[in-house]
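Using the numbering used here, the letters of the sequence shown correspond one by one to residues 1440 to 1591.
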Amino acid sequence: MKLGEANSGQLLERTLGVLVDRLLARPELRGRTIRVLVLSARLVERGTWSEEVVLREAICDAKRIVLALTAPLGLLPAPAVALGLAVREFGPATSDQTSFLDGERRARDARRRKAVAQVQALGGANAVLRALIVQPDSPLPEHRNLLTPWVG
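Here is the structure:
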């Protein structure tokens, strides 16, 4: 990406954010994680610079990628007139199903908490109880379980 004039500092970081967003928006990267990136620049003195950045774990989150690339961007030996970003190595495919299931579980847990709070508001703290197994081998049924107020 060409820059209007020789740049360094925060302007380069903003440009880097735009490059990462453009990279992740490419259709061939959907559902893929990135493991290794190459950050490159064309310098004012007509030289070039590049740095290979290996991510600790394969990711596809724009904020985390920008964070990982910000430190190497500070290694530029001179102001840049152009900045580039390329993927050197991909990681494993992302798994959309686990996030879907996690979202369903969270939604179900939130509905349950709301229902319990509603019943407790109407009937008091002891309106919803749960049975805890205390002595499973006891011959007396009342010693096997203990009823306690529902928490959480």
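Idealized CB from N, CA, C, for every residue including glycine.
Every value quoted in this text rests on a predicted model; they were computed, and no experiment measured them.
According to DSSP, residue i sits in a beta bridge with which residue or residues?
i	result
R1569	T1587
In angstroms, rounded to a whole number, what distance separates the CA positions of residue i and residue j?
i	j	result
R1544	C1499	23 Å
A1525	P1511	14 Å
A1560	L1522	59 Å
T1509	E1452	7 Å
D1548	R1471	30 Å
E1490	T1454	16 Å
A1546	L1468	29 Å
R1465	R1503	18 Å
V1457	R1551	41 Å
V1555	G1562	10 Å
R1461	L1450	17 Å
H1582	P1575	8 Å
Q1557	G1542	23 Å
A1532	V1505	20 Å
K1578	K1553	Residue identity differs from the one stated: residue 1578 is Pro in this sequence, not Lys. Using only the alpha carbons, I get a separation of about 37 Å.
D1535	L1482	With a pLDDT of 47 at D1535, under the threshold of 50, the modelled position of this residue cannot be trusted; read the value that follows with caution. Each residue's Cα considered, the two are about 40 Å apart.
Are residue i and residue j closer than 9 Å when you measure CB to CB?
i	j	result
L1597	A1480	As displayed, the chain neither begins before 1440 nor continues past 1591, which places residue 1597 out of reach and without an answer.
V1492	V1475	yes
G1486	P1518	no
P1588	V1567	yes
I1473	G1513	no
V1459	R1527	no
A1564	L1585	no
L1463	A1497	no
Specify, as a first and last residue, the run of the alpha helix (DSSP H) that residue i falls within.
i	result
R1465	Note, R1465: premise wrong, no alpha helix (DSSP H); not H, not E.
Which ranges would you report for the beta strand (DSSP E) in the stretch 1469-1546 if only whole runs of at least 3 residues count?
1471-1482, 1487-1498, 1519-1532
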